[in-house]
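Asker: Can you read through this structure? Questions will come right after.
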Amino acid sequence: MNAPLRIALIGAGSMGRQHYRHLLNVPQARLCAVADPGPQAEAFAAECGVPCFADHRHMLESVRPDAVIVANPNNLHVVTALDCIEAGVPVLVEKPVGVHLEEVRALVEASRRRNVPVLVGHHRRHNPLISRARQVISAGKLGRLINVTALWQLQKPDSYFETPWRREPGAGFLLTNLIHDLDLLRHLCGEVEQVQAFTRSDVRGYANEDSAAVLLQFANGALGSLTGSDAVAAPWSWELGSGESPVYPRQHGQPCYLLAGTLGALSIPQLKRWHYAEAGAGWHAPLLQSEESIPAGEALTLQLQHFVRVARGEQAPLVDAADGGRTLALIEAIRKAAESGRACMPEQVV
Ligand SMILES: NC(=O)c1ccc[n+]([C@@H]2O[C@H](COP(=O)([O-])OP(=O)(O)OC[C@H]3O[C@@H](n4cnc5c(N)ncnc54)[C@H](O)[C@@H]3O)[C@@H](O)[C@H]2O)c1
Numbered sequence: 001m002n003a004p005l006r007i008a009l010i011g012a013g014s015m016g017r018q019h020y021r022h023l024l025n026v027p028q029a030r031l032c033a034v035a036d037p038g039p040q041a042e043a044f045a046a047e048c049g050v051p052c053f054a055d056h057r058h059m060l061e062s063v064r065p066d067a068v069i070v071a072n073p074n075n076l077h078v079v080t081a082l083d084c085i086e087a088g089v090p091v092l093v094e095k096p097v098g099v100h101l102e103e104v105r106a107l108v109e110a111s112r113r114r115n116v117p118v119l120v121g122h123h124r125r126h127n128p129l130i131s132r133a134r135q136v137i138s139a140g141k142l143g144r145l146i147n148v149t150a151l152w153q154l155q156k157p158d159s160y161f162e163t164p165w166r167r168e169p170g171a172g173f174l175l176t177n178l179i180h181d182l183d184l185l186r187h188l189c190g191e192v193e194q195v196q197a198f199t200r201s202d203v204r205g206y207a208n209e210d211s212a213a214v215l216l217q218f219a220n221g222a223l224g225s226l227t228g229s230d231a232v233a234a235p236w237s238w239e240l241g242s243g244e245s246p247v248y249p250r251q252h253g254q255p256c257y258l259l260a261g262t263l264g265a266l267s268i269p270q271l272k273r274w275h276y277a278e279a280g281a282g283w284h285a286p287l288l289q290s291e292e293s294i295p296a297g298e299a300l301t302l303q304l305q306h307f308v309r310v311a312r313g314e315q316a317p318l319v320d321a322a323d324g325g326r327t328l329a330l331i332e333a334i335r336k337a338a339e340s341g342r343a344c345m346p347e348q349v350v
């Protein structure tokens, strides 16, 4: 039996603390240090019984952790992860993997050159509900995928924006939230070839967008739309629909993704499926419906268990830096499309 993996946490804000709570469910790992220059970090580290450092480089040198979770603000992800890689320490870096594709390419290169794995925190891919949806699609139950509709419509309280970095460039709901949905759409429906988009920022009036409408053309020919806003009193989002996290009171029965193919349709997170008894029977025949109940599961715990295996060299990361970069490329294409009014293709990240 291996000794528990010693994991350090860089960035002990709200997400870092969530990781810590989930780490308590993973006997194969334990927290060994916190690095965060913020005023609350000392007390948190003392609560966890581990040393606290203001500077993560100092922590890496003194503690020499086996692995690191990076959950600091978005624009520090790549520089911090690069320091970990240079120290030879496997990294779980929160999403977005970075804020610009160029810096992410440097991370991909360093991870490969030093042979140090990077797992990007697109934790929803670890959710059993998503694994089941992927099985349904790959088993051909939907036939040829034709239409994809994704919704991320909810309201963040004004207090969320009291943290300055959340109002500044490098944050915004495209990069902070829709990136999860776009990552799942890539995971479920395949790569996106082209996007068109509109964004607005005048509901909240901050530097970042607060509403968006995006058209997606997938490489397999499927056509999709994604509409979202963090300023609307609405129930359609993974957060409110899936029950993945208890901090969001659940809206049972409300979909966030609707996938329609030639043989059937699927709504997520309900895993409700529609099909005709006889393929192609069409609109005069009854459309049959079934529903599966898959508990949303502890995706963050499952992600940490996976990270332990990645850090030990037993598995390749489910979402490596290049894969996280491809989701970021989609965000960049959406931004460019919204600015230019033209269709844009995501840049390749290899
Ligand atoms: N996977 C998810 O579902 C999910 C959910 C929320 C946030 N996140 C991601 O987690 C990250 C943190 O978000 P948050 O909501 O916890 O933000 P937060 O502001 O609550 O926490 C950020 C923490 O980083 C610390 N910090 C700032 N500079 C630092 C530095 N140089 N070194 C170390 N720590 C530093 C701050 O003091 C703070 O404690 C973001 O990248 C965000 O996108 C992911």
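For the sequence shown, the residue numbers in the UniProt record's numbering are 1 to 350. No residue lacks a Cβ here, since even glycine has one placed at the ideal position from N, Cα and C. Note that the structure is predicted; figures quoted are calculated from it, not measured.
(1) DSSP on Y248, reduced to helix/strand/coil?
(2) Using CA atoms only, rank isn't needed, just tell me which of K156, G11, H22 and M15 is closest to H306.
(3) Is there contact between the segment 286-299 and the segment 11-18, where contact requires at least three CB pairs shorter than 8 Å?
(4) Let me know the secondary structure DSSP gives R17 once reduced to three states.
(5) Which residue comes first and which comes last in the alpha helix (DSSP H) that contains K272?
(6) Mark S111 as exposed unless 16 or more other C-beta atoms lie within 10 angstroms of its C-beta, in which case mark it buried.
(7) Are there any heavy atoms of ligand 1 lying less than 8 Å away from the beta-carbon of Q289, as far as the coordinates show?
(8) Between E332, A219 and L271, which has its C-alpha nearest A197's C-alpha?
(9) With respect to 8 Å, is the separation between the Cβ of W165 and the closest non-hydrogen atom of ligand 1 below this value?
(10) Which residues, in chain order, sit with a beta-carbon under 6 Å away from any heavy atom of ligand 1?
(11) What's the C-alpha gap between G282 and C84?
(12) How many angstroms separate the CA atom of V70 from the CA atom of H284?
(13) Is it the case that the Cβ atoms of I10 and R30 are separated by a distance below 9 Å?
(14) Here's the rule: buried if 16 or more other CB atoms are within 10 angstroms of the residue's CB, otherwise exposed. What is A338?
(15) How would you label G280, buried or exposed, when you count the other beta carbons within 10 angstroms and need 16 or more for buried?
(16) Judging by CA-CA distance, which residue of C48, P90 and F53 is the nearest neighbour of residue 365?
(17) Hey, is the segment 109-124 in contact with the segment 150-166, meaning 3+ C-beta pairs nearer than 8 Å?
(18) Does the beta carbon of L154 fall short of 8 Å from some heavy atom of ligand 2?
(19) Can you tell me whether Q270 is buried or exposed, with buried defined as 16 or more other CB within 10 angstroms of its CB?
(20) Since K272 contacts H180 with CB under 8 Å, what's their CB separation in whole angstroms?
(21) DSSP beta-bridge partners for R6?
(22) Is there contact between the segment 230-239 and the segment 96-103, where contact requires at least three CB pairs shorter than 8 Å?
(23) In the DSSP assignment, what residue or residues form a beta bridge with F218?
(24) Within a Cβ cutoff of 6 Å, which residues of the same chain sit near C48, ignoring the five residues on either side of it in sequence?
(25) Would you check if there are 3 or more beta carbon pairs closer than 8 Å linking the segment 257-264 to the segment 133-142?
(26) With distance defined between alpha-carbon atoms, name the residue in G241, V247 and P246 nearest to Q254.
(27) Express the C-alpha separation of R124 and S159 in angstroms, rounding to a whole number.
Answerer: Here's the rundown:
(1) The answer is coil: DSSP assigns Y248 none of H, G, I, E or B.
(2) Ranked by Cα distance from H306, the first of K156, G11, H22 and M15 is H22.
(3) Not touching, per the Cβ criterion.
(4) Helix.
(5) Following the DSSP letters along the chain, one finds K272 in no alpha helix (DSSP H) but inside the beta strand (DSSP E) bounded by residues K272 to Y276.
(6) Result: buried.
(7) Flag unset: Cβ of Q289 not near ligand 1.
(8) Residue E332 is the option with its Cα nearest to A197.
(9) At least one heavy atom of ligand 1 is nearer than 8 Å to the Cβ of W165, so yes.
(10) Spelled out in chain order, the answer is I10, G11, A12, G13, S14, M15, G16, A35, D36, P37, G38, H56, A71, N72, P73, N74, L76, E94, K95, G121, H123, T163 and T176.
(11) Going by the C-alpha atoms only, they are around 56 Å apart.
(12) About 54 Å.
(13) Taking 9 Å as the cut-off, the beta carbon of I10 is found no closer than this to the beta carbon of R30.
(14) The residue is buried, with at least 16 neighbouring Cβ atoms inside 10 Å.
(15) It is exposed - the Cβ of G280 has fewer than 16 other Cβ atoms within 10 Å.
(16) There is no way to answer for residue 365, as the model of the chain reaches only from 1 to 350.
(17) Contact between the segment 109-124 and the segment 150-166 is absent, because fewer than three Cβ pairs lie under 8 Å.
(18) As for ligand 2, it is missing from this structure, which binds only ligand 1.
(19) Q270 is buried by the Cβ-count criterion.
(20) Contact between K272 and H180 fails: their C-beta atoms lie close to 21 Å from each other, not under 8 Å.
(21) BP columns for R6 point to R30.
(22) As far as the Cβ criterion goes, the segment 230-239 does not touch the segment 96-103, which means the pair count is below three.
(23) Listed as beta-bridge partners of F218 by DSSP are V192.
(24) Within its own chain, the residues whose Cβ lies closer than 6 Å to the Cβ of C48, once the five positions on either side in sequence are excluded, are L31, listed in chain order.
(25) Verdict: yes, contact present.
(26) The shortest Cα separation from Q254 among G241, V247 and P246 belongs to G241.
(27) About 25 Å.
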